[in-house]
Amino acid sequence: MTNQISRKVHLRFSADRDEIEVYSGELNALTLEYVKVALVNSISDPSDLVDQVVIIEEESVQETTKRYESTVIGFEESVVGETKFCTLILRRPSPLQERRFPRVEVNFPATIKIESDQPDSQTPVYEALASNLSVSGLLVILGLPDIKELNRGQVVGIRFELQFEEALVFTLNAQVVRKQPIDFGGASNKYMVAFNFIDISPEIESQISHYVFSHQVGSDSLQTSDEETNQTPALKSEIYRLQEQLRAAHLRIKEAEESRIRSETIIVQLTRKLNEQGTIINRRNWWKFWDPDDDN
């Protein structure tokens, strides 16, 4: 059984005492036999690391560093656009245990800004609805006009506000770790996007942990195992949007019907006038009279 997790780690490789290579990544899968670490930076030839001994370093919330010794047993590569991603498969160290950050359902706006060298006026900015928060990251719902936007590994800035004992405004760096389309039974550009926070300070970790813990205690009685629970805010938003579209469609239909009635009234009046002048028009074929190019 594979458990999907999200933990920031550093991998230290030492071919000899004088040369140490360090790779940063996210420990995102854990089984009884192995763990997977998605690297932040690409490697030219990951096969060179297979069978090498590696030290896994993980910083906990308490600012202590835990180290585990392992061996690289394989790797996986994927390409998104022009970017290549690499995931190393390591033998699971026996002391390494699963650790899940508590999460809480939320409902507040979040602004997502792509990290770019372009001027601010040209940098893409997205308005999203946050639906899930933990000390390690944020899950949001947003519309993407282009499916290629916000791909895994992309670094962004996220700004959001937590209403707690006082209003706390956060502007944090984060990385896209997962993107999943939301199925509304038709064409939709809505996605659920998961972000991991990058290098947040212990003070911010403490504030978010306090917020999550307080809200988790208050909502324990309302928790459910239904997998679609996290989609409830998005579904409500989509229902409201579709209702507005339906009202607009009814208005257009009403206007079209009124226009049709006006057109038929004018045609009847003109036909009556022509008939009075001795030109007889069959009502079934009046289109032939007004559109001489139509031979049907």
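Number 839 marks the last residue of the sequence shown (my numbering); no jumps.
Quick reminder that beta carbons are idealized off the backbone N, C-alpha and C, glycines included.
In terms of residue numbering, what span does the beta strand (DSSP E) encompassing residue i cover?
i    : result
N675 : V668 to L676
S567 : E562 to L573
K886 : Because the chain in this structure spans residues 544 to 839, residue 886 falls outside the shown range and cannot be described.
L705 : V698 to Q706
G680 : G680 to G686
L693 : First-last for L693: undefined, no H or E at that position.
N716 : A710 to P724
N732 : No beta strand (DSSP E) holds N732; DSSP gives it neither H nor E.
E648 : V647 to I657
R535 : With the chain represented from 544 up to 839, any question about residue 535 goes unanswered, as that position is not in the structure.
In the DSSP assignment, what residue or residues form a beta bridge with residue i?
i    : result
I599 : L554 and Y611
F740 : A717
S621 : F628
If we ignore side chains and look at the alpha-carbon of each, how far apart do residue i and residue j end up?
i    : j    : result
I657 : R721 : 16 Å
V622 : H793 : 45 Å
Q595 : L631 : 11 Å
R695 : P745 : 26 Å
E709 : P638 : 40 Å
L554 : L789 : 54 Å
I563 : V597 : 10 Å
D591 : F556 : 11 Å
S587 : S757 : 45 Å
Q812 : R803 : 14 Å
D689 : Q723 : 13 Å
V736 : L685 : 8 Å
R795 : E807 : 18 Å
E787 : P652 : 21 Å
N584 : S677 : 24 Å
G680 : F738 : 5 Å
L687 : V565 : 35 Å
E819 : E800 : 29 Å
P667 : I725 : 22 Å
I809 : K797 : 19 Å
Q712 : V647 : It should be noted that the sequence gives Val, not Gln, for residue 712. So the alpha carbons of these two residues sit roughly 18 Å apart.
Q697 : I655 : 12 Å
V649 : R805 : 52 Å
I599 : Y734 : 33 Å
N675 : P589 : 34 Å
L715 : L693 : 16 Å
G568 : S749 : 23 Å
T574 : L633 : 10 Å
L682 : V719 : 10 Å
What does the Cβ neighbour count give for residue i, buried or exposed, with the cut at 16 atoms within 10 Å?
i    : result
F618 : buried
F740 : buried
L785 : exposed
V755 : buried
V552 : buried
A791 : exposed
Q706 : exposed
A717 : buried
E771 : Confidence at E771 is low in this model, with a pLDDT of 49, below 50, so the placement of that residue is unreliable and no value is reported for it.
K691 : exposed
N571 : buried
V488 : Since the first residue shown for the chain is 544 and the last is 839, residue 488 is missing from the structure and cannot be characterised.
R815 : exposed
Open item on the list: Closer than 8 Å is the cut-off here; do at least three beta carbon pairs connect the segment 609-618 with the segment 576-592?
Closed with: Three or more beta-carbon pairs drawn from the segment 609-618 and the segment 576-592 are found closer than 8 Å, and the two stretches are therefore classed as touching.
- [ ] May I ask you to verify whether the segment 670-679 touches the segment 624-640, counting CB pairs closer than 8 Å and requiring at least 3?
- [x] Because the criterion of three Cβ pairs below 8 Å is not met, the segment 670-679 and the segment 624-640 do not touch.
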